[in-house]
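Taking it in order: structure first as C-alpha cells, then the write-up.
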Amino acid sequence: MEIAIVGGGIGGLVAALALHARGFCPTVYESVAEMRQLGVGINLLPHAVRVLDDLGLREQLLASGIATAELLYFNKFGQKIWREPRGIEAGYAWPQISIHRGHLHGLLLAETIRRLGPDRVLTGHHLAELQDGERPTLHFVERANTGKRASVTCDLVIGADGIHSAVRRHFYPDEGPPVWNGAILWRAMTEGAPFLSGRSMFMAGHANQKFVCYPISREHHDRGRSLTNWVAELRFDPDRPFAREDWNRQVDRVAFLPAFAGWRFDWLDIPALIEAAKEVYEYPMVDRDPVPRWSFGRITLMGDAAHPMYPIGSNGASQAILDAEALALALGADDDVAAALQAYQDNRLAPTAAIVRANRNQGPEQVMQLAEERAPQGFEKIEEVAATDELEAIAARYKQIAGFDRASLDSLAGRSRA
Ligand SMILES: Cc1cc2nc3c(=O)[nH]c(=O)nc-3n(C[C@H](O)[C@H](O)[C@H](O)COP(=O)(O)OP(=O)(O)OC[C@H]3O[C@@H](n4cnc5c(N)ncnc54)[C@H](O)[C@@H]3O)c2cc1C
1190 MEIAIVGGGI GGLVAALALH ARGFCPTVYE SVAEMRQLGV GINLLPHAVR
1240 VLDDLGLREQ LLASGIATAE LLYFNKFGQK IWREPRGIEA GYAWPQISIH
1290 RGHLHGLLLA ETIRRLGPDR VLTGHHLAEL QDGERPTLHF VERANTGKRA
1340 SVTCDLVIGA DGIHSAVRRH FYPDEGPPVW NGAILWRAMT EGAPFLSGRS
1390 MFMAGHANQK FVCYPISREH HDRGRSLTNW VAELRFDPDR PFAREDWNRQ
1440 VDRVAFLPAF AGWRFDWLDI PALIEAAKEV YEYPMVDRDP VPRWSFGRIT
1490 LMGDAAHPMY PIGSNGASQA ILDAEALALA LGADDDVAAA LQAYQDNRLA
1540 PTAAIVRANR NQGPEQVMQL AEERAPQGFE KIEEVAATDE LEAIAARYKQ
1590 IAGFDRASLD SLAGRSRA
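Quick note: the sequence shown, position 3, residue 1192 per the working numbering, numbers continuous.
This is the structure in C-alpha cells:
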C-alpha cells in the first residue's frame, strides 16, 4: 500500500515510524527544502513517551532532554500555589521529557531515514493541491527557487501538515486563519545556573501575564548548568491586528521585558533570564475550533492539522504522537483503509476536541487564575486561598481529559511494541 504522509514535523515522522513498525512503508512529503533543527523547548508527557518507548527511542530521548521531576505553579510574586511530582517521580512507568524541539525532530528524522530509507523522506515537496477519489492524487511544488512540480497518486493520505494544513483546507475551504485569543508568547532559551530541583518545570502569574520555565538539556544538566527554555506571555485585545503565526519570527524583548521587571523571585531572577537569551521568538496563542470529521475516504488528518490547540498543559506534540500510534494500530487491524481511518477518527477526535476546549479554559493553569482572583496581593499560605483538595481536583481532571492519568496509562504498557 502506498501511503503518503504530508508534513515531516513531529507528528508526521512519528506516524512514519509507527506505521513502519506495523509493516507499512510510507513516504513523507515535506514542504521545506532542508530539514533544520528549529524551535525551542517542547514537552513530551508520559503518554507520548510510552509510544516513543515502544518505538525504541526512550534512551535517545533521555540522552538529549531532561526527565522532568516536578511541576510547580506560582503566583506573580513567586509564592507557591501547587507542586506535583512528574513522570517517574510521580510513579509513572514513563518519564515526562522536556527537550529541544529541534533535537527531538532531528532524532525522529534520523531514525525515519535509518529505518525506512532516505528515499522515504522527500523535502522540497509542498502540497499545493489535492484530488480525492478512489486513489487520491497529490500535487506538490518546490517552493524554494525552482518552482518544480511533482504529482503522486497513492492509496492513503495522512495530512500531518501542521496548523496551516493544506489537507485540512481542502475539506474545510472556508475555515479561515487560526483563532487568536489575544495572548502573545515570547519564547527563548537561556543558559545559566540550575533553578529549584534542577529538573523542575514551573509556571508563574495568571491568565493575563505568565512566565513558563523548564530546563531542556541533559548535556547542560550533567555539567551542573541549565539550558532553560522559557515563555513569557501577555494578553492584549484580540481584535488588534496581528502578524500570522510563524514559529521562527525573531523579535526584540523590549515588547515584554518591562512587564516582567519586578519578577525577581528568591529562586530565579526572571528579568536577568530574559536579558541573557540570545534570540527571542514571538508566537500568538492560536488554535482552531474542533471540526466534526478528519477522515474522508482514504484521506485523514492528524496532529496540528487535525486539532491545533493552545500550548497549555504541554499537549501539542504529545497528542500528535498519540494520533500517530492510533493511526498505525487502526491500519494494522483492518485491511479496509476507509474503515480503519474511520476507527482512528472515532478513537481520537472527541478526546482531542475536549483538550482544545479545556485549554481554552486555562487547562491545569486554572490554579494560577484562581489564586490571582482570590488573593491579588499575594498570600502567606496557599491554604488561606484554596484547599488542597480543590487544587488537586483541577490537576487530576486535566490529566484525565488529556489521557495521562496513571491508571489509564499503565493499562497501555507495550501496546505498540512491534
Ligand atoms: C519550525 C517549527 C518550530 C516549532 N517549534 C516549536 C517549539 O519550539 N515549541 C513547541 O511547543 N512547538 C513548536 N512547534 C509546533 C509543534 O511541533 C507542534 O505543535 C506539534 O509537535 C504537533 O506536530 P505536527 O507534526 O502536527 O505539526 P508540526 O510539527 O508543525 O509539523 C508540520 C510539518 O508540516 C510541514 N508542512 C506545512 N505545510 C505543508 C504542505 N503544504 N506540504 C508539505 N508539508 C507541509 C511543515 O513544514 C512542518 O514540517 C514548531 C513547529 C514548527 C513547524
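Heads up, the beta-carbon is just placed ideally off N, CA and C, and yes, glycines get one too.
Asked	Found
Return the residue from the list V1368, R1442 and P1447 that minimises the CA-CA distance to A1466.	R1442
Starting from the Cα of P1481, find the closest Cα among T1577, L1462 and A1542 and give me that residue.	A1542
Give a yes or no on contact between the stretch 1273–1286 and the stretch 1435–1449, applying the rule of three or more CB pairs nearer than 8 Å.	no
Taking contact to mean 3 or more Cβ pairs, one atom from each stretch, closer than 8 Å, check whether the stretch 1511–1522 and the stretch 1204–1220 are in contact.	yes
Can you check whether the CB of R1487 is closer than 8 Å to the CB of P1362?	no
Take every Cβ of the stretch 1330–1342, pair it with every Cβ of the stretch 1306–1318, and state whether three or more of those distances are shorter than 8 Å.	yes
Per DSSP, which residues does M1392 bridge with? Please list them.	Y1262 and V1401
Give, in chain order, every unbroken run of the alpha helix (DSSP H) that is at least 4 residues long and sits entirely within the stretch 1278–1315.	1290–1305
Just to check, is the beta-carbon of G1336 closer than 7 Å to a non-hydrogen atom of ligand 1?	no
State yes or no: is the C-beta of R1376 nearer than 7 Å to some heavy atom of ligand 1?	yes
Rounded to the nearest angstrom, what separates Y1281 and A1258 at their Cα positions?	11 Å
Looking only at DSSP bridge pairs, what is N1418 linked to?	M1378 and Y1403
DSSP on N1504, reduced to helix/strand/coil?	coil
Report the three-state DSSP secondary structure of P1235 (helix, strand or coil).	helix
Whole-angstrom Cβ separation of S1415 and A1377, contact assumed at under 8 Å?	Not a contact, Cβ separation roughly 14 Å.
Quick one: is the Cβ of L1298 within less than 7 Å of any heavy atom of ligand 1?	no
Is the stretch 1466–1477 in contact with the stretch 1339–1348, if contact means three or more CB pairs nearer than 8 Å?	no
Along the chain, where does the beta strand (DSSP E) containing Y1533 start, and where does it finish?	Premise fails: Y1533 lies in the alpha helix (DSSP H), V1526 to R1549, not in any beta strand (DSSP E).
Just mark W1483 as buried or exposed, buried being the case when its beta carbon has 16 or more other beta carbons within 10 Å.	buried
Kindly examine ligand 1 and report whether one of its heavy atoms sits closer than 7 Å to the Cβ of N1130.	For the chain, the structure presents residues 1190 to 1607; residue 1130 sits outside this window and is missing.
Within the chosen definition, does the stretch 1222–1229 reach the stretch 1342–1360 through at least 3 CB pairs nearer than 8 Å?	no
Using DSSP bridges, identify the partner residues of A1256.	I1286
If the criterion is Cβ atoms closer than 8 Å, does the pair A1393 and G1267 meet it?	yes
Verify whether the separation of the beta carbon atoms of L1345 and M1190 is less than 8 Å.	yes
The beta strand (DSSP E) spanning F1329 covers which residue range?	T1326 to V1330
Using the rule of at least 16 other Cβ atoms within 10 Å of the residue's Cβ for burial, across every protein chain shown, is K1588 buried or exposed?	buried
Here's a check: name, in chain order, each residue in its chain whose Cβ is nearer than 6 Å to the Cβ of R1537, leaving out the five neighbours to either side.	D1512 and A1515
Whole angstroms are fine: how far does the CA of I1347 sit from the CA of A1193?	6 Å
Are A1404 and H1395 touching if we call contact CB-CB under 8 Å?	The sequence shown places Pro at residue 1404, rather than the Ala named in the question. Not closer than 8 Å, so no.
On the three-pair Cβ rule with 8 Å, is the stretch 1235–1245 touching the stretch 1550–1568?	no
Just the Cα atoms here: how many angstroms apart are Q1398 and I1463?	15 Å
CA-CA distance, A1528 and A1547?	29 Å
May I have the straight-line CA-CA distance separating D1243 from I1373, to the nearest angstrom?	36 Å
Measuring CB to CB, does A1205 end up less than 8 Å from V1217?	yes
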